[in-house]
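Position in the sequence shown counted from 1, then plus 17, gives you this note's numbering.
The structure under discussion appears below in the form of structure tokens.
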Amino acid sequence: MKVAPMQQEEADGSFWAPRACLRNPMSETFEAAMLLDRAVAHHLVGNRDEAARLILQTDREDIRAFTETLWGPKTANPDQPTYIRWRSVPDLPEPAEEDLDRKRMPNRSDKNAIVVRWGRHCVYCGVPLIRSAVPKALQAAYPSLRIWGPSNRNAEQHAAFQLMWMQFDHVVPHSRGGRTDIENVVVTCAPCNYGQGDCMLEELGLIDPRSRPGVRTSWDGLERMLIDG
18 MKVAPMQQEE ADGSFWAPRA CLRNPMSETF EAAMLLDRAV AHHLVGNRDE
68 AARLILQTDR EDIRAFTETL WGPKTANPDQ PTYIRWRSVP DLPEPAEEDL
118 DRKRMPNRSD KNAIVVRWGR HCVYCGVPLI RSAVPKALQA AYPSLRIWGP
168 SNRNAEQHAA FQLMWMQFDH VVPHSRGGRT DIENVVVTCA PCNYGQGDCM
218 LEELGLIDPR SRPGVRTSWD GLERMLIDG
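See the structure below:
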């Protein structure tokens, strides 16, 4: 998906200045991660009612609306070009399809190595990340709640899990000749990944995330949910 160019005066230097991410994250996302961590802790000791309450509490419309500004229909999000600032850059690669890496996505071993290398926070905006296996496990444990459904539609998913959904993203897009290897693939949140589409960093004014170290914290991605029992 190529983001359409937006009309902006070239004199607006601050608008086109290099930036780390498409949109700075909301504090509410980090708060939701903390509450979901508590939800899993309660679930693992059998406090299902409290776990369910916290899961419901973090399915917030403001978080969903944030995701929509980067990964949603432009007609419903008129401010989207404020964040997805595409500009034309000459002489960027446009390889023929037959020249693309035949390996489209990293395998499990590569994914594990990428997580070890970059941690469990988005390399662009820094929000905590959660693999889809975690909300899937919670959905099985709490079938009456909206946690993780078969559709990728934001309106049909739990807002916080959808935003923090761990992606394995090509820095140089696969469609632009990027390799599917641990040198070119990083971990991102869903909005940062889908918001960039198949654009090059230069077209969006983004700083290469590989130029800075990954965020390292005690955040475990709620992975302990997957080893219960």
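We put the beta carbon where it would ideally sit given N, CA and C, even for glycine.
Check	Outcome
Which word fits Arg-77, buried or exposed, when buried means at least 16 other C-beta atoms lie within 10 angstroms of its C-beta?	buried
Where do the N-terminal and C-terminal ends of the beta strand (DSSP E) with Gln-174 fall, by residue?	Taken as a continuous stretch (DSSP letters only), Gln-174 belongs to no beta strand (DSSP E), as it is neither H nor E.
In whole angstroms, give me the CA-to-CA distance for Leu-243 and Leu-109.	42 Å
Determine the direct distance from the alpha carbon of Gln-97 to that of Arg-104, and round the result to whole angstroms.	14 Å
Verify whether the separation of the beta carbon atoms of Ala-49 and Thr-75 is less than 7 Å.	yes
DSSP puts Thr-205 in a beta bridge; with which residues?	Gln-184
Got a sec, what are the start and stop residues for the alpha helix (DSSP H) Val-62 sits in?	Here Val-62 belongs to no alpha helix (DSSP H), and DSSP marks it neither H nor E.
Using beta-carbon positions only, say whether Asp-116 and Ile-199 come within less than 7 Å of one another.	no
Please name the residue, chosen from Asn-210, Gly-63, Glu-219, that lies closest to His-138 on a Cα-to-Cα basis.	Asn-210
What is the DSSP secondary structure of Ile-147, reduced to helix, strand or coil?	strand
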